[in-house]
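Heads up: the structure comes next, in structure tokens.
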Amino acid sequence: MGTGPDTFAQEVLPYVGDSPDLTRRPPSLDAPHNIALAYAVGAGLPALVAWLVLVVTTWVVALNRRVEVGPARAGLVAAFGGAFAAYLAQGMLSIDAVPLAFLGWVMGAAMTAASCVPDGGEVTLWRRVPRHLTCLVSAVTVCAAAVALLPFVADVRMQRALASSADRRAHDPIEYLGALEDATVTNPTEPRLWYEAARQSQVDSDQISNRDGRLTLLHGAMGFADRSLDLEPGEVETLLVKAKVLERLALLGEPGRFDQANELYRRIEAGDPYDPQVRIDHARLLATWGRDSSRPDLYDAARAQLGVFETLPHTWSGGWFQAAKLYLDLGDRARALDAAKRAAELDPVDWRIQGLVRELSG
């Protein structure tokens, strides 16, 4: 329990003391497939204890009052309780995505409400609340709900902008970037939106062949990344995107960009020396830089990064597969085979890994 297709940050690398910053990984992409574990590693043990107390209290209240509420309301308690139990059962093996979490909270609240007042009973406390206070509480609640929904609305706008802009990236990159920037207006102080715009612009720049269009998208991505970093300085995911943008600008002929990307990777590694993905990306940058500039010392630096990758505690088969391909590009066939075999041990059903092992063994 807890891991799944996303492998929960390489199965928590495994149980390391010097843990990488798992909080920077997007929850929708890599989160525990278990609600209790998600609270424990996300909000922390106090949040997990509070959640468990709430769940247990909900059940105790409902079970204790099931004989007092009358047959009609008892049916409601049973129905809501069944749905709540189904939510908890599913949540032990799945990510607590927004629709699922919303269902769980609503069922818990409905179960509690249905079990609190007997059939034909009166809520005397409600009658003692002044009417103006009720209106004030309602207004504050509506405002709080609007603020709470703002990130959700902003996410929807960003996703719609990404979907509608994909066809325009090659024809009018400036219009494409403008659509992404307009999508951040709903919540412009949310760095994640600027990060998403930067990441998608960088990815989409690889899909077009026009050099000027690529440069426009990459410079736009750089601006989005800088806006995100202004709001959340040092955010590793954004720094990684910026490093990839700089690498592509270097390959398009802009001077000094390889140096800037290399400095970014060093900065990331200083803050998080245990992330295997960073080591692989840095090694790829150094190998690319070495080919572009014909500098053997950069090949040695790339091998050094791969050497660090091999010492890190993780069970990331994809990383070993990438390391094998990088070793092969660097001309080290023996180490490429060792890395490919390690990947095959971790993921024996991946046909790409098995094919690479056969190719290197032949």
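Taking the working numbering, the leading residue of the sequence shown gets -11, the next gets one more, and so forth.
Glycine residues also receive a C-beta, built at the ideal position from the N, C-alpha and C atoms.
Computed from a predicted model, the values in this text were never measured in an experiment.
Spatial neighbours of residue i in its chain, beta-carbon cut-off 8 Å, leaving aside the 5 residues before and after
i    : result
V141 : T174 and N175
Y253 : A231, V266, D269, H270 and L273
A177 : Note that residue 177 is Thr in the sequence shown here, rather than Ala. If we look at T177 and ignore the five residues flanking it on each side, its Cβ neighbours are L219.
W339 : none
P284 : G278
Minimum C-alpha distance to residue i - residue among the options
i    : options                   : result
G166 : R180, A136 and S189       : S189
L294 : S281, R323 and D280       : R323
G208 : S305, I162 and L217       : I162
R187 : L33, A327, T226 and R321  : T226
N52  : G79, V86 and M99          : M99
L286 : L318, A38, C104 and Q310  : L318
D326 : V337, E298, L121 and H302 : E298
T316 : A24, A328 and G306        : Checking the displayed sequence, the identity of residue 316 turns out to be Leu instead of Thr. Measuring from the Cα of L316, the nearest candidate turns out to be A328.
V43  : P243, G79, D335 and G63   : G79
L228 : M210, P243, G244 and E242 : M210
G244 : L300, D280, S216 and D263 : D280
Y75  : G58, L64 and V94          : V94
W308 : A290, R330, A289 and P301 : R330
A364 : G92, G63 and G58          : Coverage of the chain is limited to positions -11 through 350, which leaves residue 364 absent and any answer about it impossible.
V364 : V191, C104, P179 and A292 : Since the first residue of the chain shown is -11 and the last is 350, residue 364 is not available in this structure.
N198 : G30, P87, D160 and A50    : D160
D143 : A77, S282, Y27 and V86    : V86
R215 : Q195, A238, L181 and D200 : L181
Close beta carbons around residue i, own chain, < 7 Å, minus the five adjacent residues each side
i    : result
P15  : Note that P15 scores a pLDDT of 39, beneath 50, so its modelled location is shaky; the value from the coordinates is reported in the next line. Counting only Cβ-Cβ distances below 7 Å, and skipping sequence neighbours, we find nothing.
A332 : I341, Q342 and V345
E184 : M146
V296 : R267
Own chain residues within Cβ distance below 6 Å of residue i, not counting five before or after
i    : result
D9   : With a pLDDT of only 47 at D9, under 50, the local geometry of the prediction cannot be trusted, and no value is derived from it.
A171 : R145, M146 and A149
A249 : A231, L234, E235 and L273
V337 : none
S193 : R202, L205 and L206
W39  : Y27
S305 : A331, L334 and D335
Rounded Cβ spacing between residue i and residue j (contact assumed at less than 8 Å)
i    : j    : result
R202 : L240 : 6 Å
A24  : L36  : 6 Å
A275 : L314 : 6 Å
L402 : R321 : Outside the shown range of the chain (-11 to 350) lies residue 402, about which nothing can therefore be said.
Proximity test, Cβ basis, 7 Å: residue i and chain C
i    : result
L203 : No chain C appears in the structure shown, which is made up of a single protein chain.
heavy atom of the ligand FMN below 6 Å from residue i C-beta
i   : result
A74 : Although the ligand FMN was asked about, the structure shown includes no ligands whatsoever.
key: Any alpha helix (DSSP H) of 4 or more consecutive residues that is wholly inside the stretch 290 to 328   = Runs of the alpha helix (DSSP H) inside the stretch 290 to 328: 305 to 317.
inquiry  = To test your reading of the DSSP string, which unbroken alpha helix (DSSP H) runs of 4 or more residues are found completely within the stretch 43 to 109?
reply    = Here the runs fully enclosed are 59 to 79 and 86 to 104.
Uninterrupted alpha helix (DSSP H) stretches inside the stretch 249 to 283 (no shorter than 4 residues) = Fully enclosed alpha helix (DSSP H) runs of no fewer than 4 residues occupy 264 to 281 of the stretch 249 to 283, in order along the chain.
message = Threshold first: 4 residues or longer. Then list the alpha helix (DSSP H) segments lying entirely within the stretch 170 to 247, N to C.
response = Positions of the alpha helix (DSSP H) runs, each at least 4 residues long and wholly inside the stretch 170 to 247, are given as 179 to 193, 199 to 219 and 224 to 239 in order along the chain.
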